[in-house]
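2 protein chains.
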Amino acid sequence: MEGLDATHLRTLAAVVGEGSFEGAARLLHVTQSAVSQRIRALEAAVGQVLVRRSRPCRATPAGEPLLRLAGQLVLLEREALAEARGPLSGTPGFRSGVGTGTRVAVVANADSLATWFVPALARLPADLAVRFDVRQDDQDHTADLLRDGTVMAGVTAQRTPVQGCRVRRLGALRYRALAAPAPAGRWFPDGITEEALAAAPVIVFDRRDRVQHRFIRAVAGRDLDPPVHYVPSVPAFSEAIRLGLGWGLVPEQLARADVAAGRCVDLAPDRFVDVPLYWQHWRLDSPVLAALTEAVRAAAADALR
Amino acid sequence: MEGLDATHLRTLAAVVGEGSFEGAARLLHVTQSAVSQRIRALEAAVGQVLVRRSRPCRATPAGEPLLRLAGQLVLLEREALAEARGPLSGTPGFRSGVGTGTRVAVVANADSLATWFVPALARLPADLAVRFDVRQDDQDHTADLLRDGTVMAGVTAQRTPVQGCRVRRLGALRYRALAAPAPAGRWFPDGITEEALAAAPVIVFDRRDRVQHRFIRAVAGRDLDPPVHYVPSVPAFSEAIRLGLGWGLVPEQLARADVAAGRCVDLAPDRFVDVPLYWQHWRLDSPVLAALTEAVRAAAADALR
Chain A
176 MEGLDATHLR TLAAVVGEGS FEGAARLLHV TQSAVSQRIR ALEAAVGQVL VRRSRPCRAT
236 PAGEPLLRLA GQLVLLEREA LAEARGPLSG TPGFRSGVGT GTRVAVVANA DSLATWFVPA
296 LARLPADLAV RFDVRQDDQD HTADLLRDGT VMAGVTAQRT PVQGCRVRRL GALRYRALAA
356 PAPAGRWFPD GITEEALAAA PVIVFDRRDR VQHRFIRAVA GRDLDPPVHY VPSVPAFSEA
416 IRLGLGWGLV PEQLARADVA AGRCVDLAPD RFVDVPLYWQ HWRLDSPVLA ALTEAVRAAA
476 ADALR
Chain B
176 MEGLDATHLR TLAAVVGEGS FEGAARLLHV TQSAVSQRIR ALEAAVGQVL VRRSRPCRAT
236 PAGEPLLRLA GQLVLLEREA LAEARGPLSG TPGFRSGVGT GTRVAVVANA DSLATWFVPA
296 LARLPADLAV RFDVRQDDQD HTADLLRDGT VMAGVTAQRT PVQGCRVRRL GALRYRALAA
356 PAPAGRWFPD GITEEALAAA PVIVFDRRDR VQHRFIRAVA GRDLDPPVHY VPSVPAFSEA
416 IRLGLGWGLV PEQLARADVA AGRCVDLAPD RFVDVPLYWQ HWRLDSPVLA ALTEAVRAAA
476 ADALR
């Protein structure tokens, strides 16, 4: 620790976790000026600016290793305390009160959150009394949140381990190309030809979502520039397809019900896009993190390819 | 226009709309250095930095009025062109090709997107050949995107008109307090008492979501500090409730199916939270914006209180 104050580190974690000095003050039950003083004291001790005073507050590059350290200390301290106080088994979920309960910050991409990820969280033994702090982010950008210490684990498309993290392959989320039956007939009268794919409107989640473009490149053999609707919400994305605004790629778990009910057709049952997903987590000897990793692996084994 | 170059303004709109110089170059089919030159030329003409070179790129305060102007010019120009080229009716949806089609950037909160908002978009006449650029944001923060010109209209909780905008009341989204049956019995053996509300774990969408806390204050008569799970995804939020991670407030449109199927119980059928929603849009004599406003009002009249 080399003289770093644990309270100051916890305050740093609270500022970035809550996104503001005000939120940190509320969480820690201290005044906002106490929060400011602690951060300034920590910055003076390290000789670096640690927090970008943006909305939300983020760690500076110099702040990132300290934030990760702070998160790890908080986790280990809570677990040691919980062990010292004796097993919680038999205590219903959260009844042990506000002060206890380990906060577990994790990130996952929108489609994992909408399909297989929450059942993984629900597999955790209730006696761990975990409080989840879930973040949603694109599978290609979750690594940033791991690196800056905002989360301790996450579902990511990045297979290279983030510094200080361990990585495991979870399997692939399979996407199927869906459209509502009537527009599918209008847009693709001769199937998914290059000409039809260049003209048919396509739903894309947001500007970082490349799944539709990967499908187009795989089928047409080159990039095309069709008209795009951006719809960055998993339920709205499927609804836009069902209502005929465009076609798009949907995780097979969500596609099944729409196809079975005749609300959508699979444009290419023999074509799909597999997005490999990885679980990255801090290298830390923590029972909570170990239990979460086991639960995520088990749920992924059921749901992914 | 006082000498401002329309191509430069369009480029500004593309940089902020796509979030990057690279994305703007792709959209406009020019090189990235052409994009940079245009932005620098516009900044020189105005004498102000207009774009914050962040990820994503945003307008500076000086850039905001120019961005709004650019968006309005693009919209009016496209509509005039469409009119000059003759009615598109009879042309199926987007077959008119890549260059045409009016891009309509709108924002809505996550629960509106997951319930009533996409059907509003689908009500727009197909011959308008609109391409939607939907953003998702908290209902208390959509005003920022209107102000900085990123979107031309949005669903917001803010009733005070944003500068340059017109505002209409849409109705209220009604939220109901749900929990899975078994945990509901454990957490609330004597109903939603203050003691039970202080101890039962609650699902909250993110740190800006105050709906659960409003319900608690209304029922308990004061603020409480229960254990919180943050789950910022509409389908994951409902799934977390169904799987017994906590209780939470769900839009009545989504609550109905879970209650009818016995997966959840309504903790307080005579209590609910109504969140009034407003439609804010640029003051602009645009047929597309008028049609969208009419479609949103009609869908809201069906779905909201």
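Protein chains in written order, with this note's numbering: chain A, 176 to 480; chain B, 176 to 480.
Ideal Cβ placement from N, Cα and C applies to all residues, glycine included.
Quick caveat, the model's predicted, so the values are computed rather than measured.
- Residues of the stretch 394–412 of chain B with a C-beta less than 7 Å from any C-beta of chain A: D400, P402, V403, H404, Y405, V406, P407, S408, V409, P410, A411, listed in chain order.
- Beyond the five residues adjoining it in sequence on each side, V434(A) comes within less than 6 Å, by CB distance, of D441 in the same chain, given in chain order.
- Apart from sequence neighbours up to five positions away, the residues of its chain that approach L203(A) with a beta-carbon distance below 6 Å are A189, ordered along the chain.
- Put simply, the CB of A285(A) is near chain B, with a gap under 8 Å to one of its CB atoms.
- Distance check between A280(B) and each of A415(A), H404(A), A478(A) places H404(A) closest, using alpha-carbon atoms only.
- Taken in chain order, the members of the stretch 294–309 of chain A whose beta-carbon sits within less than 7 Å of a beta-carbon on chain B are P294, L296, A297, R306, F307, D308, V309.
- The DSSP-derived three-state label of G346(B) is strand.
- Between T325(B) and P336(A), the alpha-carbon positions lie close to 35 Å from each other.
- When secondary structure is reduced to three states using DSSP, L353(B) falls in the strand class.
- Contacts with chain A at 8 Å (Cβ-Cβ) include F292(B).
- Taking the C-beta atoms as reference points, G246(B) is found nearer than 8 Å to M327(B).
- Check the Cα spacing between D302(B) and each of W291(B), A411(B), T277(B): the tightest is with T277(B).
- Only exposed fits D477(B), as fewer than 16 other CB atoms lie within 10 angstroms of its CB.
- Residue pairing by DSSP leaves P401(B) without any beta bridge partner.
- Taking a C-beta cut-off of 7 Å against chain A, the contacting residues of the stretch 183–215 of chain B are E193, G194, G198, listed in chain order.
- DSSP, reduced to helix, strand and coil, places W362(A) within a helical segment of the structure shown.
- Look at H183(A) here: in three-state DSSP terms it is helix.
- When secondary structure is reduced to three states using DSSP, D286(B) falls in the helix class.
- Against chain B, the beta carbon of R382(A) has neighbours under 7 Å at E193, G194, G198, listed in chain order.
- Between the C-alpha atoms of V379(A) and H388(A) there is a straight-line separation of about 9 Å.
- The three-state reading of DSSP puts G194(B) in coil, since its state is none of H, G, I, E or B.
- Taking a Cβ-Cβ threshold of 7 Å, the residues of chain A close to E414(B) are V293, in chain order.
- Secondary structure of A189(A) (DSSP, three-state): helix.
- With a threshold of 8 Å between beta carbons, G419(B) makes contact with chain A.
- Each residue's CA atom was taken as its position, placing V226(B) and D312(B) some 21 Å apart.
- Its chain contains E427, F447, D449, R480 as the residues whose beta carbon lies nearer than 6 Å to that of R349(B), once the 5 sequence neighbours on both sides are disregarded; these appear in chain order.
- Counting only Cβ-Cβ distances below 7 Å, Q311(B) has contacts in chain A at P407, S408, in chain order.
- At least one CB atom of chain A sits nearer than 8 Å to the CB of L288(B).
- As DSSP reads the structure, G329(A) sits in a beta bridge with V282(A), Q455(A).
- In this structure, A347(A) sits away from L248(A), with a CB-CB distance that is not shorter than 8 Å.
- For P426(A), no alpha helix (DSSP H) encloses it; the enclosing beta strand (DSSP E) starts and ends at 423–426.
- Between L424(A) and V471(A), the C-beta spacing is not below 8 Å.
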